[in-house]
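Chemist:
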Amino acid sequence: MTRRTLAVVSAGLGQPSSTRLLADQLAAATRDELARRGDDVDVRPVELREHAHDIVNHLLTGFPSAALREVLDTVTGADGLIAVTPIFNASYNGLFKSFFDLVDAGALADRPVLVGATGGTARHSLALEHALRPMFAYLRSVVVPTAVFAAPEDWAAGAADGALRARTDRAAGELADQIRRRPPSAGPVDPFALTTSFEELLGGRDH
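In terms of the working numbering, the sequence shown opens at residue 1399 and continues consecutively.
1. Please tell me whether Asp1477 and Arg1568 are closer than 8 Å, where the distance is taken between their beta carbons.
2. Strictly by DSSP, which residues pair up with Arg1442?
3. Which residue spans inside the segment 1465 to 1509 form an unbroken alpha helix (DSSP H) run of at least 4?
4. Three or more C-beta pairs under 8 Å: does that hold for the segment 1540 to 1550 against the segment 1511 to 1521?
5. The alpha helix (DSSP H) spanning Val1542 covers which residue range?
6. Is the separation between the beta-carbon of Ala1409 and that of Leu1524 shorter than 8 Å?
7. Could you tell me the distance, in whole angstroms, from the CA atom of Arg1531 to the CA atom of Gly1585?
8. Quick one: residues in its chain with C-beta nearer than 7 Å to the C-beta of Ala1433, no 5 flanking neighbours on either side, listed in chain order?
9. How many angstroms separate the CA atom of Leu1420 from the CA atom of Asn1455?
10. Which residue wins for smallest C-alpha separation from Leu1411, given the options Thr1519, Leu1562, Ile1485, Asp1575?
11. Please report the straight-line C-alpha distance between Ala1464 and Pro1543, rounded to a whole angstrom.
12. Going by DSSP, what residue range makes up the alpha helix (DSSP H) through His1451?
13. Name the two residues that bound the continuous alpha helix (DSSP H) containing Thr1417.
14. Would you grab the beta carbon distance between Phe1497 and Met1533 for me? Rounded to a whole angstrom, and I think it's under 8 Å.
15. DSSP three-state label for Arg1447, please.
16. Smallest Cα separation from Arg1528: which of Val1541, Ala1503, Ala1488, Arg1538?
17. Helix, strand or coil, according to DSSP, for Thr1566 in the structure here?
18. In angstroms, rounded to a whole number, what distance separates the CA positions of Arg1442 and Ala1535?
19. Have a look at the DSSP bridge pairing and note the partners of Ser1437.
Here you go:
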């Protein structure tokens, strides 16, 4: 059985949060899909509101706290990523963008990503294609075709088992496909790690 890690980033500001609810639903569907195909899945939720002060401090100082460094490593070292944000003014919220501004260049390259969003009306769903997908394309991630948006009416009695469930299951299947096409992640890459020994660096020199 292959072990996979799935990072689930939620940028909801309230508690409870419909954004976190959607993130959990997407994570559960993806976990179930991977498990059905024989993979063992470690789901690692990241609630950005819990790290808001550390995110701002990192933006100002250039140095992450130990807790934020662990969160960044969780996201960049996972086999797949689910990223969900509330939509404000036709785009992702500031907390969501600030966090991903801290991700090292190239750290999410070729990483399968499922994007989701919540908003007050279905019109806000356009932000998935106009804001979230381009951001992850810039990060060179592999964003699955189906993005999932949830409006208040999607959480009405019985509605969550209808169109929202269908979109969730389709997106989860696409993310599972992309994750299984790649070998399990070896974890985050340390940009400052020495990949060449001192002996190799000195090779061919007299000493």
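All C-beta atoms in this analysis are idealised placements derived from N, C-alpha and C, irrespective of residue type, glycine included.
Small disclaimer: the values here were computed from a predicted structure and weren't measured.
Modeler: Let's see:
1. By one-based count along the sequence shown, residue 1477 stands at place 79. By one-based count along the sequence shown, residue 1568 stands at place 170. No, Cβ-Cβ distance for Asp1477 and Arg1568 is not below 8 Å.
2. The residue given as residue 1442 occupies position 44 in the sequence shown. BP columns for Arg1442 point to Ala1405.
3. Given a length threshold of 4 residues, each whole run of the alpha helix (DSSP H) inside the segment 1465 to 1509 is given here in chain order: 1492 to 1499.
4. In this structure the segment 1540 to 1550 lies against the segment 1511 to 1521, because at least three pairs of beta carbons, one per stretch, are closer than 8 Å.
5. Along the sequence shown, read from residue 1 onward, the residue named residue 1542 stands at position 144. DSSP places Val1542 in no alpha helix (DSSP H); its state is neither H nor E.
6. Within the sequence shown, residue 1409 is the residue found at index 11, counting from 1. Within the sequence shown, residue 1524 is the residue found at index 126, counting from 1. Cβ distance not < 8 Å, so Ala1409 and Leu1524 don't count as in contact.
7. In the sequence shown, residue 1531 corresponds to position 133, counting from 1. In the sequence shown, residue 1585 corresponds to position 187, counting from 1. Answer to the nearest angstrom: the Cα atoms are 24 Å apart.
8. Residue numbering aside, residue 1433 sits at position 35 when the sequence shown is read from its first letter. Answer for Ala1433: Val1439, listed in chain order.
9. Here the question's residue 1420 lines up with position 22 in the sequence shown. Here the question's residue 1455 lines up with position 57 in the sequence shown. When rounded, the distance between both Cα atoms is 28 Å.
10. Translated into the one-based positions of the sequence shown, residue 1411 becomes position 13. The shortest Cα separation from Leu1411 among Thr1519, Leu1562, Ile1485, Asp1575 belongs to Ile1485.
11. Numbered from 1 along the sequence shown, position 66 holds the residue referred to as residue 1464. Numbered from 1 along the sequence shown, position 145 holds the residue referred to as residue 1543. Approximately 35 Å between the Cα atoms of the pair.
12. In the sequence shown, the residue the question calls residue 1451 occupies position 53. Residues 1450 to 1459.
13. Locating residue 1417 in the sequence shown gives position 19, counting from the first residue. Counting along the chain, Thr1417 sits inside the alpha helix (DSSP H) bounded by residues 1416 to 1434.
14. Reading the sequence shown from its first residue, position 99 is the one you call residue 1497. Reading the sequence shown from its first residue, position 135 is the one you call residue 1533. Phe1497 to Met1533, Cβ: 11 Å. No contact.
15. As a working note, residue 1447 is residue 49 in the sequence shown. Helix, per DSSP.
16. Position 130 of the sequence shown, counted from the first residue, corresponds to residue 1528. Note that residue 1528 is His in the sequence shown, not Arg. Here the closest residue by C-alpha is Ala1488.
17. As a first step, residue 1566 must be located in the sequence shown, where it is residue number 168. Shown here, Thr1566 sits in a helix according to DSSP, grouped into three states.
18. Position 44 of the sequence shown, counting from 1, holds the residue named residue 1442. Position 137 of the sequence shown, counting from 1, holds the residue named residue 1535. The straight-line gap from Cα to Cα measures roughly 23 Å.
19. In the sequence shown, residue 1437 corresponds to position 39, counting from 1. According to the sequence shown, residue 1437 is Asp rather than Ser. Partner residues in the beta bridge of Asp1437, as assigned by DSSP, are Thr1400.
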